[in-house]
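What follows is a short report on a single structure.
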Amino acid sequence: MVSTCARTRARPMPAVTTSSERRRSVRNRTLIGGKVIFNQRQSTLDCTVRNLSEDGALLVFPDSVALPELFELYFPLKRESRMVRSRWRDAERIGVSFAAAAKQDDAPVPLDLMRRLRQLERENAALKARIVELTEGA
């Protein structure tokens, strides 16, 4: 005997909206890779964007994470970065609202380049100090 569940066909899930929700725009279910950038662009975390609207998104993480209230969300496939504000959170999910307009083609600077830039700035400052030291001694 075949169960009823086995005979039913999977149907796409509609966008989620109910009259009790406080959202101003329709959420669309997604499965998009995202990157959370915070700590003055020193830290990044990968996440999955599970739903998306004009006003915000639902982010899912593989483990529980601690994030600041305001952070940057980067969509690599769209090459789009948005500032977001945490609205609610549970163990592995965070609901966010968009805090600023999208910045197109303004991809975040890779972390290794930011570290290298800071290292070179420190070396530059040390060399300038050495030049001053040598010229004052002459």
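Per the working numbering, residue 11 is the first one in the sequence shown, and the count goes up by one each step.
Think of the CB as a built atom: it goes at the ideal place given N, C-alpha and C, for glycine as much as any other residue.
Cβ shell of residue i (< 6 angstroms), same chain only, five flanking positions each side left out
{"i": "Arg99", "result": "none"}
Rounded C-alpha distance that separates residue i from residue j
{"i": "Ser74", "j": "Leu55", "result": "11 angstroms"}
{"i": "Ile42", "j": "Pro72", "result": "14 angstroms"}
{"i": "Glu90", "j": "Glu102", "result": "23 angstroms"}
{"i": "Asn38", "j": "Gly105", "result": "14 angstroms"}
Beta-carbon separation (whole angstroms), residue i vs residue j, contact threshold 8 angstroms
{"i": "Leu62", "j": "Thr40", "result": "5 angstroms"}
Endpoints, alpha helix (DSSP H) assigned at residue i
{"i": "Leu130", "result": "Leu121 to Gly147"}
Minimum Cβ-Cβ distance from residue i to chain C less than 7 angstroms
{"i": "Ala135", "result": "Chain labels in this structure do not include chain C; a single protein chain is all it has."}
Residue range of the unbroken beta strand (DSSP E) whose run includes residue i
{"i": "Phe71", "result": "Segment: none, Phe71 is in no beta strand (DSSP E) and carries neither H nor E."}
{"i": "Lys45", "result": "Asn38 to Phe48"}
{"i": "Leu83", "result": "Leu80 to Phe85"}
For residue i: DSSP bridge partner residues
{"i": "Asp100", "result": "None, per the DSSP bridge assignment."}
Cβ neighbours of residue i in the same chain (closer than 8 angstroms, five flanking residues each side left out)
{"i": "Glu82", "result": "Val46, Ile47, Phe48, Arg51, Ser91, Arg92, Met93, Val94 and Pro118"}
Same chain only: Cβ atoms within 7 angstroms of residue i, ignoring 5 sequence neighbours per side
{"i": "Leu80", "result": "Met93, Arg95 and Ala109"}
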